[in-house]
Amino acid sequence: MKAKVYISYKEGILDPQGKTVGGALDSMGIQGIEDLRIGKYVEIDFGNISKQKAEEITDESCRKLLANPNTETYHFELED
Amino acid sequence: MKFAIIVFPGSNCDHDAYKVIENIDGATPEFVWHKENNLSGYDSIIVPGGFSYGDYLRAGAIAKFSPIMNAIISASKSGKSIIGICNGFQILIEAGLLPGALINNNGVKFKSKQVSLRAENFDTIFTNKIPKDKKMFMPIAHRQGNYIADKETLERVSDNGQIAFTYTSDAGGNPNGSCLDIAGIFNKNKNILGMMPHPERASDILLGSNDGELIFQSMMGNTN
Numbered sequence: 263m264k265a266k267v268y269i270s271y272k273e274g275i276l277d278p279q280g281k282t283v284g285g286a287l288d289s290m291g292i293q294g295i296e297d298l299r300i301g302k303y304v305e306i307d308f309g310n311i312s313k314q315k316a317e318e319i320t321d322e323s324c325r326k327l328l329a330n331p332n333t334e335t336y337h338f339e340l341e342d
Numbered sequence: 049m050k051f052a053i054i055v056f057p058g059s060n061c062d063h064d065a066y067k068v069i070e071n072i073d074g075a076t077p078e079f080v081w082h083k084e085n086n087l088s089g090y091d092s093i094i095v096p097g098g099f100s101y102g103d104y105l106r107a108g109a110i111a112k113f114s115p116i117m118n119a120i121i122s123a124s125k126s127g128k129s130i131i132g133i134c135n136g137f138q139i140l141i142e143a144g145l146l147p148g149a150l151i152n153n154n155g156v157k158f159k160s161k162q163v164s165l166r167a168e169n170f171d172t173i174f175t176n177k178i179p180k181d182k183k184m185f186m187p188i189a190h191r192q193g194n195y196i197a198d199k200e201t202l203e204r205v206s207d208n209g210q211i212a213f214t215y216t217s218d219a220g221g222n223p224n225g226s227c228l229d230i231a232g233i234f235n236k237n238k239n240i241l242g243m244m245p246h247p248e249r250a251s252d253i254l255l256g257s258n259d260g261e262l263i264f265q266s267m268m269g270n271t272n
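Those sequence lines, one after another, are chains A and B.
Sequential numbering of the first sequence, starting at 263, is according to this note's numbering.
Sequential numbering of the second sequence, starting at 49, is according to this note's numbering.
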């Protein structure tokens, strides 16, 4: 069982990195991008455990460490 | 008065803090490794700056799970003075001991420069020796020092006198985009101070300013 965790800044939280990269793409001539935000991607490998257990562990990990509830949100996908 | 200076893997302002405390009459500094779990023998705690755990994930995010953090929480409950400087502030805020969050500077860059500060509340164990009209000069050196909090939190800390220091318009003004120009903040009981500028690097006139020493001198009065 594996979890793919996506962590992103909440709306309204300044993302200067995203802004800078968006600006760079624009200056390269790549057009049509309105906004670009950069987040984090975490992969967790659980070995052979149930989907429910993996979900519990992933959620606890996100709440307690991987995301800062003041500034970030998270979601994750589980797959075999 | 005994000061504990907490040392994490990656702390790098611990020796600066040690030197400053050593030079204050009646103060004794001691390094305490983050794996320790007891701070009952100390009157005051300094969580110094640096890059604990390489700033992995988020600055301060991993250090908050060190064994010493439970001892810091106990010390806080008994009213001991605790100051977190720069990365120390990031650790205390990640641990939930101070309100709000610290995010990337609005200009993305790591900023290392002198700033000007004003104390906003003189009636605390960290600020009682600061003259009322004093503009304090000390350096910052950080990438994630942009203080943010939601509207309710900002109103609450403002009304409750929890804003410790703000950046003045001198020396280039607010260097990182912090809400309300906040450079330092207290917990509700005002026995914990977190600040991004480095008072320990501004405690000797040879270093360009000794304004920072006023904070450590103020802390000498707290015997909780």
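Quick reminder that beta carbons are idealized off the backbone N, C-alpha and C, glycines included.
Show which residues of chain B have a CB atom less than 9 Å away from the CB atom of residue i.
i	result
A:L276	I151, N152, N154, N194, I196 and G225
A:T282	V156
A:Q279	N152 and V156
Which two residues bound the contiguous alpha helix (DSSP H) that contains residue i?
i	result
B:H63	D62 to E70
B:T201	K199 to D207
A:V283	P278 to S289
A:T320	K313 to S323
B:K125	I116 to K125
B:M267	E261 to M267
B:F137	N135 to E142
Go to residue i, then tell me how far its beta strand (DSSP E) extends in each direction, as first and last residue.
i	result
B:N194	N194 to I196
B:Q162	K159 to A167
A:K264	K264 to Y271
B:Y101	B:Y101 -> no beta strand (DSSP E), and no H or E assigned at all.
A:V304	K302 to D307
B:F51	K50 to V55
B:V156	Taken as a continuous stretch (DSSP letters only), B:V156 belongs to no beta strand (DSSP E), as it is neither H nor E.
B:S92	S92 to V95
B:A231	I230 to F234
Using a Cβ-Cβ cut-off of 9 Å, state whether residue i counts as contacting chain B.
i	result
A:T333	yes
A:L328	yes
A:K313	no
A:K302	yes
A:Y378	Not covered by the structure: residue 378 of chain A. The range shown for chain A is 263 to 342.
A:Y268	no
Output the distance between the C-alpha atoms of residue i and residue j, rounded to the nearest integer angstrom.
i	j	result
B:A167	B:K177	11 Å
B:M31	A:E334	Residue 31 of chain B lies beyond the residue range present for chain B, which begins at 49 and ends at 272; the question has no answer from this structure.
B:F213	B:N222	12 Å
A:D321	A:L327	10 Å
A:G309	A:S323	16 Å
B:K83	B:C134	21 Å
B:N153	B:G225	6 Å
B:S160	A:Q314	47 Å
B:K157	A:S312	44 Å
B:V205	B:I211	6 Å
B:E261	B:F51	14 Å
B:M49	B:D91	6 Å
A:L340	A:E317	7 Å
B:L150	B:G89	31 Å
B:I236	B:F264	For the record, residue 236 of chain B in the displayed sequence is Lys; it is not Ile. Between B:K236 and B:F264, the C-alpha separation is close to 20 Å.
A:F338	A:K302	12 Å
B:A113	B:L255	What sits at residue 113 of chain B in the sequence shown is Phe, not Ala. Looking at the two C-alpha atoms, the distance is approximately 34 Å.
B:K180	B:N169	9 Å
For residue i, return the contacting residues in chain A, with the cut-off set at a CB-CB distance below 9 Å.
i	result
B:A109	L327, L328 and N330
Tell me, please, whether the CB atom of residue i is closer than 9 Å to any CB atom in chain A?
i	result
B:A105	One detail in the question is off: residue 105 of chain B reads as Leu in this sequence, not Ala. Yes - at least one Cβ of chain A is within 9 Å of the one on B:L105.
B:F79	no
B:G148	yes
B:E70	no
B:E142	yes
Against chain D, with Cβ distances strictly below 9 Å, would residue i count as a contact?
i	result
B:F113	Note that chain D does not occur in the displayed structure, where the protein chains are A and B.
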